[in-house]
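There are 2 protein chains.
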Amino acid sequence: MKTQGVARRGRGRPPGESQTREAIVAEARRQFSELGYGRTTLRGIARGASVDPRLLLHYFGSKQELFTTSVELPIDPERVIEVVFGEGPDHVAANAARLLASVIDDPESRRPMLALLRAAVTEPEAANLVRRVLTERMLLPMASHVGGDRPELRASMMASSLVGLMVVRHVVGIEPLARASREELTRALEPVFEHYLRGDWVTPA
Amino acid sequence: MKTQGVARRGRGRPPGESQTREAIVAEARRQFSELGYGRTTLRGIARGASVDPRLLLHYFGSKQELFTTSVELPIDPERVIEVVFGEGPDHVAANAARLLASVIDDPESRRPMLALLRAAVTEPEAANLVRRVLTERMLLPMASHVGGDRPELRASMMASSLVGLMVVRHVVGIEPLARASREELTRALEPVFEHYLRGDWVTPA
Numbered sequence: 000m001k002t003q004g005v006a007r008r009g010r011g012r013p014p015g016e017s018q019t020r021e022a023i024v025a026e027a028r029r030q031f032s033e034l035g036y037g038r039t040t041l042r043g044i045a046r047g048a049s050v051d052p053r054l055l056l057h058y059f060g061s062k063q064e065l066f067t068t069s070v071e072l073p074i075d076p077e078r079v080i081e082v083v084f085g086e087g088p089d090h091v092a093a094n095a096a097r098l099l100a101s102v103i104d105d106p107e108s109r110r111p112m113l114a115l116l117r118a119a120v121t122e123p124e125a126a127n128l129v130r131r132v133l134t135e136r137m138l139l140p141m142a143s144h145v146g147g148d149r150p151e152l153r154a155s156m157m158a159s160s161l162v163g164l165m166v167v168r169h170v171v172g173i174e175p176l177a178r179a180s181r182e183e184l185t186r187a188l189e190p191v192f193e194h195y196l197r198g199d200w201v202t203p204a
Numbered sequence: 000m001k002t003q004g005v006a007r008r009g010r011g012r013p014p015g016e017s018q019t020r021e022a023i024v025a026e027a028r029r030q031f032s033e034l035g036y037g038r039t040t041l042r043g044i045a046r047g048a049s050v051d052p053r054l055l056l057h058y059f060g061s062k063q064e065l066f067t068t069s070v071e072l073p074i075d076p077e078r079v080i081e082v083v084f085g086e087g088p089d090h091v092a093a094n095a096a097r098l099l100a101s102v103i104d105d106p107e108s109r110r111p112m113l114a115l116l117r118a119a120v121t122e123p124e125a126a127n128l129v130r131r132v133l134t135e136r137m138l139l140p141m142a143s144h145v146g147g148d149r150p151e152l153r154a155s156m157m158a159s160s161l162v163g164l165m166v167v168r169h170v171v172g173i174e175p176l177a178r179a180s181r182e183e184l185t186r187a188l189e190p191v192f193e194h195y196l197r198g199d200w201v202t203p204a
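Here it is in structure tokens:
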């Protein structure tokens, strides 16, 4: 958001535009997460952000587009790739396990994941949008670094570990897992990721 | 339900009682799953089942109790234990992987899991009840057969695989995983379960 705002000011746009856009996105994020996708309306977001509803259509085109724009990922995909793949293939599983355990263990990075999960679980239309966002912004960039046979399938098995841990540990709060330490999670996940990444379980495409 | 009904008739209770109880549970299941935990009321269930609301309190005591009674598990815990642990410790991971892949791959057994997930994700009060049901009916019975250090933690890591796969494959519908075959899932999960069950990743309690 910010970069885009700065670029626009650089091109001589009105100075208030990027702030307005950011205010709309912030309000959208708040309402989508509080009301769910279905009960959130462009009109309600406009009211909450104190702007003309037509501005929302002007900036974002549709409710779907505003939703995918306002989705927060728990961690920037480029940063994920740098941390996970930066030390070469023999360190990918260990780095991914450490990163995932820290993302899961941090309330701040869990929050946007829980919002996505809630949207996907409760509303099929939101589930489609969540799928698009996760696939385009997280899974495909990851998979392009995974290599081997069927990298998207391998990356999506890793993603399923993240989601499952988050639900069992933080949504349902199953006890022994809720108390497991970050170190324990890392040790639990590393061989699993090694297997998902390089094991011979996939059927060649 | 059925056993209880029969036992009661055996003790000379009115013949309609077990049918009434079953009708209430069926209606409760329907409403909890359609409306969510929060918007479902005892009065609404009574109306749907065409019974006096006081009967619900008489049979179940509270909305919480009716919810936990009406929860369906995708598969009977005793059957899980028989299938998974029946052939001895060296076959547990393979049998668990095969069972889990088949549960995940079957729309009929996914349905109750999705209902639990939806309840847990959207409402903290329901999440508490889901935790209680899963812990008492599934996790503790499983863990008592797992053995080793911290069996509940090991069992809950396996549960997280099930939940994660279900969400990524069937709620969000991430593509390569949604198309993965039952055999592929089994091959993916077997070494993972072996590690969760017998690996040395846990910190001794």
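Protein chains in written order, with numbering that gives the first Met the number 0: chain R, 0 to 204; chain G, 0 to 204. Every residue, glycine too, gets a C-beta built ideally from N, C-alpha and C.
Query	Result
Nonlocal neighbours in the same chain, by C-beta distance under 7 angstroms from residue 96 of chain R, ignoring five residues either side	185, 188, 189, 192
Short-range partners of chain G found in the region 153–164 of chain R, where Cβ spacing is below 9 angstroms	153, 154, 155, 156, 158, 159, 160, 161, 162, 163, 164
Where residue 183 of chain G meets chain R, residues with beta-carbon distance less than 9 angstroms	152, 200, 201, 202
Beta-carbon proximity check, residue 162 of chain G vs residue 116 of chain R, cutoff 8 angstroms	no
Whole-angstrom distance between residue 93 of chain G and residue 15 of chain G, CA atom to CA atom	45 angstroms
Among R:57, R:65, R:35, R:37, nearest to residue 25 of chain R - alpha-carbon criterion	R:65
Straight-line gap, residue 149 of chain G to residue 146 of chain R (C-alpha atoms, nearest Å)	36 angstroms
Runs of beta strand (DSSP E) wholly within the region 31–76 of chain G (minimum 3 residues, chain order)	none
Expected contact under 8 angstroms - CB spacing of residue 91 of chain R and residue 82 of chain R to nearest Å	Wrong, their Cβ atoms sit about 10 angstroms apart, outside the cutoff.
Minimum Cβ-Cβ distance from residue 74 of chain G to chain R less than 8 angstroms	no
Test: residue 195 of chain G CB closer than 8 angstroms to a CB of chain R	yes
Minimum Cβ-Cβ distance from residue 174 of chain G to chain R less than 8 angstroms	yes
Alpha carbon of residue 3 of chain R to alpha carbon of residue 63 of chain G, nearest angstrom	The pLDDT assigned to residue 3 of chain R is 40, lower than 50, so where the model puts this residue is not dependable, and the model offers no usable value.
Where the region 86–106 of chain R meets chain G: residues whose CB sits under 8 angstroms from a CB there	none
Contact between the region 72–82 of chain G and the region 135–145 of chain G (3+ Cβ pairs under 8 angstroms)	yes
Stretch pair the region 157–176 of chain R + the region 152–172 of chain G: three plus CB contacts closer than 8 angstroms	yes
Neighbour list for residue 134 of chain R in chain G, Cβ cutoff strictly below 8 angstroms	173, 174
Nearest-angstrom Cα separation, counted from residue 136 of chain R out to residue 19 of chain R	25 angstroms
Start-to-end residues for the alpha helix (DSSP H) that takes in residue 117 of chain R	106–121
Residue 119 of chain R at chain G interface by Cβ criterion, 8 angstroms	yes
Whole-angstrom distance between residue 200 of chain G and residue 68 of chain R, CA atom to CA atom	39 angstroms
Residue 179 of chain G, DSSP secondary structure in three states	coil
Interface flag, residue 166 of chain G vs chain R, CB-CB below 8 angstroms	yes
CB contact check: residue 190 of chain G to chain R, cutoff 8 angstroms	yes
When R:183, R:173, R:182, R:153 are compared against residue 183 of chain G, the one with the closest alpha-carbon	R:153
Range covered by the alpha helix (DSSP H) that runs through residue 156 of chain G	150–165
Any chain A beta carbon closer than 8 angstroms to residue 116 of chain R	Checking the listed chains, one finds no chain A in this structure; the protein chains it contains are R and G.
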